[in-house]
Ligand SMILES: Cc1cc2nc3c(=O)[nH]c(=O)nc-3n(C[C@H](O)[C@H](O)[C@H](O)COP(=O)(O)OP(=O)(O)OC[C@H]3O[C@@H](n4cnc5c(N)ncnc54)[C@H](O)[C@@H]3O)c2cc1C
Ligand SMILES: Cc1cc2nc3c(=O)[nH]c(=O)nc-3n(C[C@H](O)[C@H](O)[C@H](O)COP(=O)(O)OP(=O)(O)OC[C@H]3O[C@@H](n4cnc5c(N)ncnc54)[C@H](O)[C@@H]3O)c2cc1C
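Protein chains in written order, with our numbering: chain A, 687 to 857; chain B, 10 to 487.
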């Protein structure tokens, strides 16, 4: 079992900023746990610009903005583990996490910051009736009923994730 | 030349296949879809009925209790999830108490053990979240819940390991009588077989009608469901049925073996055997009817909805047996509820018919045991640690909601009759069946499938056929 003064669960912008702030306030013994293979959280998929105007007075994309924080983490020598998912947390701040290298990790923390972001609720949560269609069939429907597009390709050429587009259409 | 060809890889066909794999027979399964359990077997209430429901004298009544009693051993041998949670039929009106008593008597006639009628106080102690309007209930401790697709997959893998051959994406288009048996024509080829077993679910009338002048007609009857998040999965512990009310036949509220809550089904006759859409009116109907049974419908926690089709025939009973006007053609048709519960016995019945005709030897090498995909989420930390030490892929969580590891997904792909699609992975591991309904893990599962099956990402499908998920690289043709 390892021990840390502060464990931050989640390496998105909230977790990274919290870790940096804690370090600046004099807490040295910090560990960030992140289940993705890199730090940055949802910002890594926000490829548009507009981030950073307030804090860095610059126009940055999501990943660029996240990188600034990752750099601060590196500079301040704050420890982190990626590819590591927290799977249990007890009342007395005992954390259980898992990754490929350490297997099951148990970590005793004096304080914990929860910065796990949020999870989308699926279309089923809205209880919308209809039929499940696959992504490509969705576009075929869409191009059939909406904008004509012979390639059967998403007409807006957007970067939306396939899973978000599994849609239900009323029959 | 096959000894037996089974049409349909649902729980009926797979129970039959496994029973036949005990014998020295050349058996094949022909299935139109890309995987096992893609018909009604994947969309039903998943209840292992106690057996008080069916009219005494019918096959449904005769097979139910014996089928039910086989689940303990079967689920152990084949490593699928089954729990004897018990069931309650709620009565909301003093005037209906004699209905409850009749149901109990019917159960006794059908060989159901331990049935008892409980009063309101006993009920609310057993199930505190039941509606205060409940008056009494019939309690059947032998009722159970099961994962129907896990069960069918377990049966299939075991049958395969014991020598049964499987041909997926083979849709039977015609069956012709020959001197030695039958020629079965599919979209992929032709198969010669001495005997044919028809286990084609809602399509079993079509198979029957290829060879018999005794025509069958199946009118699919839709049943719709809502699945709820595990957050409310223990809202009730027993399977909660209702006596028919003024509003018609009741709907059930039940936990599932995986820890979710399930509500449904309604019953609407439709004319399209492939139509598994859900409807606004259907979902509203089941939610409002089920609200009678419990204190509060946790509607905020719904995560998915689905439809299953009952294989309804005029006979209103299972049709099992060799056809008088087509010798060697054996029906297991019209297998509607409680078909899942009865499937182990249907397997034995059809096996007996085959053995009677072909008189095969029993195989000494038959192995009744099958091991399922390991379940990381259900292990102790010690078990997890030793598994990861052997294979680090079990240290990589792919589906966050259900805590499914890459190791489990690899096991689902590289096993007998392994998974080839996103949905096949889901039914074998639960990746994507949780709270976010695959929002996070689908693309990762897709990557793993593409890598392991050595196919392009654009070739990976959700459930076979044209259900491709990706159409190409973003902005590739700008
Ligand atoms: C499409 C899109 C566009 C957006 N556009 C903008 C914009 O223009 N401007 C703006 O300001 N905001 C925007 N946002 C919002 C912004 O991205 C989020 O507000 C921000 O990323 C939230 O940060 P967070 O740290 O709270 O959560 P996240 O970024 O989600 O980080 C949480 C981290 O915790 C990790 N984690 C979760 N559970 C565990 C666990 N059990 N173990 C280990 N690690 C775990 C996750 O992997 C994740 O990396 C956008 C968001 C999206 C989705
Ligand atoms: C709403 C509902 C609720 C139910 N609840 C319960 C319950 O709680 N308990 C219970 O015991 N039972 C229940 N049942 C009944 C149970 O689900 C069925 O009896 C059982 O799943 C039937 O299995 P099967 O193998 O006969 O059919 P299916 O699972 O439909 O399998 C038939 C297979 O045949 C294949 N096929 C069809 N045509 C062809 C062709 N031309 N060529 C090749 N293959 C073909 C199909 O693709 C399919 O895979 C319920 C049914 C429904 C609809």
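Every residue, glycine too, gets a C-beta built ideally from N, C-alpha and C.
DSSP places residue 480 of chain B outside both helix and strand once states are collapsed to three, so it counts as coil. A distance below 6 Å between beta-carbons, with the five flanking residues on each side excluded, links residue 756 of chain A to the following residues of its chain, in chain order: 725. Listed in chain order, the non-local C-beta contacts of residue 19 of chain B below 7 Å within the same chain comprise 46, 48, 49, 50, 161, 208, 210, local neighbours out to five positions each way being set aside. Per the Cβ contact rule, the region 346-365 of chain B is in contact with the region 323-335 of chain B (3 or more Cβ pairs under 8 Å).
DSSP, reduced to helix, strand and coil, places residue 186 of chain B within a strand of the structure shown.
Under the Cβ distance rule, residue 313 of chain B counts among the residues neighbouring chain A, one pair being separated by less than 8 Å.
When the Cα atoms are used, residue 762 of chain A and residue 752 of chain A turn out to be separated by approximately 15 Å. Under the DSSP assignment, residue 362 of chain B falls in the alpha helix (DSSP H) whose first and last residues are 348-367. Membership of residue 716 of chain A in any alpha helix (DSSP H) is not indicated; the residue belongs instead to the beta strand (DSSP E) covering 716-719. A Cβ-Cβ contact shorter than 8 Å links residue 454 of chain B with residue 407 of chain B. The residues 194, 219, in chain order, have a CB closer than 7 Å to that of residue 183 of chain B in the same chain once the five nearest residues on each side in sequence are set aside. Near chain B, meaning a CB-to-CB distance below 9 Å, the residues of the region 783-798 of chain A are 784, 785, 786, 787, 788, 789, 790, 792.
For the pair of segments examined, the region 222-238 of chain B was found to touch the region 267-281 of chain B: the number of CB pairs separated by less than 8 Å reaches three.
Taking the C-beta atoms as reference points, residue 97 of chain B is found no nearer than 8 Å to residue 126 of chain B. Look at the beta carbons and you see the region 24-42 of chain B not touching the region 127-147 of chain B: under three pairs across the two are nearer than 8 Å.
Residue 317 of chain B and residue 767 of chain A have their C-alpha atoms roughly 45 Å apart. Secondary structure note for residue 390 of chain B: it is in no beta strand (DSSP E), and the uninterrupted alpha helix (DSSP H) holding it is 390-399.
Along the region 697-719 of chain A, there is no position whose C-beta sits under 7 Å from a C-beta of chain B. A contact is defined here as three or more CB-CB pairs under 8 Å, and the region 340-354 of chain B fails this definition with respect to the region 379-390 of chain B. Taken in chain order, the whole beta strand (DSSP E) runs of length 3 or more contained in the region 719-752 of chain A are 735-737.
Apart from sequence neighbours up to five positions away, the residues of its chain that approach residue 122 of chain B with a beta-carbon distance below 7 Å are 151, ordered along the chain. Not one beta carbon of chain A lies nearer than 8 Å to the beta carbon of residue 230 of chain B.
When DSSP states are grouped into helix, strand and coil, residue 101 of chain B belongs to the coil group. Remark: the C-beta of residue 209 of chain B is in contact range of ligand 2, defined as less than 7 Å to any heavy atom. About 31 Å separates the beta carbon of residue 339 of chain B from that of residue 266 of chain B, a gap too long to meet the 8 Å contact definition.
Here residue 690 of chain A has 715, 716, 717, 793, 795 as same chain residues with Cβ atoms under 7 Å from its own Cβ, once five neighbours each way along the sequence are excluded. Identification of chain A residues near residue 292 of chain B by a Cβ-Cβ cut-off of 7 Å yields 813, 815, ordered along the chain. When the Cα atoms are used, residue 415 of chain B and residue 188 of chain B turn out to be separated by approximately 51 Å. Distances from the CB of residue 212 of chain B to the heavy atoms of ligand 2 include at least one below 7 Å.
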